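Each residue of the sequence shown is one higher than the one before, starting from 1 at the first, in full-length UniProt numbering. Note sheet for the following structure.
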Amino acid sequence: MDWKEIEPQVKKLNSGLLELMGQINTISSMDRRYPKTSEAFNAAFEHLKHPSYDIVVCGEVKKGKSSLLNAIIGQNILPVDTNVATSQVFRISNSDAESFSLAFTDGTTQPITREQLVIFGSQEKANQNGAADFGNRILSHIQVNVPVQFLPAHVNLVDTPGLGAIYKSHEWLTQNYVKRAAAVLFVFEASQPMVELERTFINKVLDVTPHVMFVMTKIDTVMPSVWTAQLERIEESLASIFAKRNLPAPTVFPISSKALMNAAEEDEEDFKMENIRTSMFPVVKDELMAMIVRTMAMSHTSIALYESQGQILKAKTAITDLLKTTAEEGQHLDRQFRENKLAKQQELQDEWGRNSRQTNGIANKISDICNIVSNRVDQMFRLTSPIREHYVSRIEAITSMDEVERMCESLPSSVTNDIVQQWESIMRDAVNETSAILQNAISDIDRTSIDDVSATNFETLKMTPSQRLNNIRNVVGTGVLATGIVTIVFPPLGIVAGIGSAVWAWIAGKDDKVQRNKANLKQQLNALMDRIYHALKDARDYNHVSVVNEFVGNLKRNAEEAIQNAVNAKKQEMNEQLQDLEEQAQKSLAEKRAECERFKADLESLNALIGQTKELCNLRESIEKQIS
1 MDWKEIEPQV KKLNSGLLEL MGQINTISSM DRRYPKTSEA FNAAFEHLKH PSYDIVVCGE
61 VKKGKSSLLN AIIGQNILPV DTNVATSQVF RISNSDAESF SLAFTDGTTQ PITREQLVIF
121 GSQEKANQNG AADFGNRILS HIQVNVPVQF LPAHVNLVDT PGLGAIYKSH EWLTQNYVKR
181 AAAVLFVFEA SQPMVELERT FINKVLDVTP HVMFVMTKID TVMPSVWTAQ LERIEESLAS
241 IFAKRNLPAP TVFPISSKAL MNAAEEDEED FKMENIRTSM FPVVKDELMA MIVRTMAMSH
301 TSIALYESQG QILKAKTAIT DLLKTTAEEG QHLDRQFREN KLAKQQELQD EWGRNSRQTN
361 GIANKISDIC NIVSNRVDQM FRLTSPIREH YVSRIEAITS MDEVERMCES LPSSVTNDIV
421 QQWESIMRDA VNETSAILQN AISDIDRTSI DDVSATNFET LKMTPSQRLN NIRNVVGTGV
481 LATGIVTIVF PPLGIVAGIG SAVWAWIAGK DDKVQRNKAN LKQQLNALMD RIYHALKDAR
541 DYNHVSVVNE FVGNLKRNAE EAIQNAVNAK KQEMNEQLQD LEEQAQKSLA EKRAECERFK
601 ADLESLNALI GQTKELCNLR ESIEKQIS
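This is the structure we're talking about:
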């Protein structure tokens, strides 16, 4: 695939969609009797107006992720010292002027200096100075705006802490951010084979996005024969992973970040070009740009086209009804016409009313999600859980009483923070999956009023229910589509966090102090995890409901309310449309004639948009074939 040939087509697709949705939005707002655009339509339109694509860079710790990004930027911006572990997410955007800020989950930001990047973004500084206090705000990421010559507007490179970190919270942070990725750049190291943790994580990445690129760093640290053999073995392992998903085997691209950084620092043009050639970056850059183009073409365009098609059909049905009523000379709505409209309302009630087949199906899916929530909480506390095994291995590695004392001070809060982060991730996953299922259902409810003949004659983007759900799921996951469909109030976590606030005591004495304290630490670890488990799963005195059950109960109730609210809103819309038709029929002949031409003009505009939609669908299909 030559991305330079496809890029103009992708720009044409996105600009064409932006124009199409703008025209649909204009027509839909011309008359209060025309149907309003849906939340999914508005979200897709908003993304086209303000696009943002995160390319998340991830891999095991110390594989050279930050060094690679520094080399791509051409400056030593991100912390890369041997003793510095990246503890936060860095989001890098192309900008003519340098600026740096802390971005919080509530949407607020706080400017910082370049020198403060290491203070807020490295674990070493956090260990020295203590964790930064942001009050009630939660840090989302550290925003880095610097010149990155080849990076397109609206595309961000995201540096994550890494997998297999000493601090398990770093790994959770990476995993949670990948769930919102438009694409992933996965980093291997020339001297290290692929490990099971990486295999597991790559499978999780492929559940989120098919847009994945693999690179191998530090090729300058070993002989070419060594890294070449390592690269071949990794490619064989990746081919096996991808084959199970019926995906083509990927390529791993070698790169020397050191040579690329040398090129950035070199003044002599010949030496600069030689370093660039040695780094092998031109090939990596070409493939990275190809992935970016694929991402921009495929990420949200299917939802935009699908929702555009739906809005055109809704508007066309409503305007056709108004035009038909306007053309009648009498002042009473045609009886058969009225009965057909009432039948549509009854169809909506039968299909989506309480205890209907559809709503029961949705309820079953939400129940499955709630069961997964409970099961994932149980898995967190098993003897073989990653959190428990991680801290047991850290305890086993202790060799001195100094380490024992430090562990007694840090472990309670560290374990608790890891569990709180995992619990928050479990809740967020459940909310996002529920939102995707509900948005899919609400889209079906919204289309109930569409005229069947119009729908049959206007076939553009064809998606199975499963494909549509996956597309909506991806949009929800990236935060483009509001998850306000499920207005969940998350249970307070103070009851859990408070458990880990105490400092553990160590055992004094002379004989086998280290071994006895290691055994004591394991006992205290087990006791702490048991207390946290019961804090989550046992009923609380003040409301007789556990933290977990309170959350899943809210999830079920809000999901049911969301469906019924959508049904009631659609009923009201259909009633108002019928009332509008009744009023239209009662107008004088002169009034009808005056409006008749406008309705015809609007229908003509919609028919033209149908042609545009089909052209854009064909363009997207052509791009998809070229990408494949």
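By construction, the Cβ of each residue, glycine as well, lies at the ideal position given by its N, Cα and C atoms. The structure presented is a predicted model; accordingly, all values stated were derived computationally and were not measured.
- Between the C-alpha atoms of Ser67 and Ala44 there is a straight-line separation of about 35 Å.
- A straight line joining the alpha-carbon of Val545 with that of Thr384 spans about 28 Å.
- Listed in chain order, the non-local C-beta contacts of Lys218 below 7 Å within the same chain comprise Gly64, Glu189, Ala190, Ser191, local neighbours out to five positions each way being set aside.
- About 5 Å separates the beta carbons of Val155 and Tyr53, which is inside the 8 Å limit, making them a contact pair.
- The C-beta distance from Val373 to Ile426 rounds to 6 Å, short enough to meet the 8 Å contact threshold.
- Going by DSSP, Glu189 is part of the beta strand (DSSP E) stretching over 183 to 189.
- Ser279 is not a Cβ neighbour of Ser308, given a cutoff of 9 Å.
- Between Arg137 and Phe90, the CB-CB gap reaches or exceeds 9 Å.
- Using a Cβ-Cβ distance cut-off of 8 Å, the stretch 590 to 608 and the stretch 315 to 330 are in contact, since at least three pairs of beta carbons, one from each stretch, lie closer than that value.
- The C-beta distance from Pro111 to Ser95 rounds to 14 Å, too long to fall under 8 Å, and the pair is not in contact.
- Its chain contains Thr359, Val567 as the residues whose beta carbon lies nearer than 8 Å to that of Gly353, once the 5 sequence neighbours on both sides are disregarded; these appear in chain order.
- Per DSSP, the beta-bridge partners of Gln110 are Leu102.
- If you check the CB distance, Ile532 and Ile362 do not come in under 9 Å.
- By the C-beta criterion, the stretch 230 to 247 is judged not to be in contact with the stretch 312 to 319, since fewer than 3 inter-stretch pairs fall below 8 Å.
- In chain order, Leu17, Leu18 place their CB closer than 6 Å to the CB of Leu48, counting only its own chain and leaving out the 5 sequence neighbours on each side.
- Taking the Cα of Lys179 as reference, the smallest distance to any Cα among Ala594, Val208, Phe186 is reached at Val208.
- DSSP places Arg516 in no beta strand (DSSP E) but in the uninterrupted alpha helix (DSSP H) bounded by 513 to 537.
- Between the stretch 70 to 78 and the stretch 333 to 341, the count of C-beta pairs closer than 8 Å stays below three; the two stretches do not touch.
- Listed in chain order, the non-local C-beta contacts of Glu351 below 7 Å within the same chain comprise Gln358, local neighbours out to five positions each way being set aside.
- According to the DSSP assignment, His141 belongs to no alpha helix (DSSP H) but to the beta strand (DSSP E) extending over 139 to 146.
- A Cβ-Cβ separation of about 6 Å places Thr37 in contact with Gln311 under the 8 Å criterion.
- Annotation: Pro254 is outside any alpha helix (DSSP H); the continuous beta strand (DSSP E) that includes it extends over 252 to 254.
- The alpha-carbon separation between Glu576 and Arg557 amounts to approximately 28 Å.
- Membership of Met216 in the beta strand (DSSP E) is indicated by the continuous run 212 to 217.
- The criterion of a C-beta distance shorter than 9 Å is not satisfied by Gly162 and Lys258.
- For Phe90, the three-state secondary structure derived from DSSP is strand.
- The stretch 433 to 447 and the stretch 407 to 422 do not touch, with fewer than three beta-carbon pairs separated by less than 8 Å.
- Annotated three-state conformation of Glu328 is coil, per DSSP.
- Arg428 and Arg376 have their C-alpha atoms roughly 13 Å apart.
- Taken through DSSP and simplified to helix, strand or coil, Asn76 comes out as coil.
- Between the alpha carbons of Thr221 and Trp227 lies a gap of roughly 9 Å.
- Scanning Ile24, Lys518, Glu5 for the CA closest to the CA of Gln612 turns up Ile24.
- Pairing His390 with Thr295 gives a Cβ-Cβ distance that is not under 9 Å.
- Rounded to whole angstroms, the Cβ separation of Ile303 and Ala40 is 7 Å, and the two are in contact under 8 Å.
- Rounded to the nearest whole angstrom, the C-alpha separation of Tyr34 and Met574 is 11 Å.
- The beta carbons of Met213 and Glu287 sit closer together than 9 Å.
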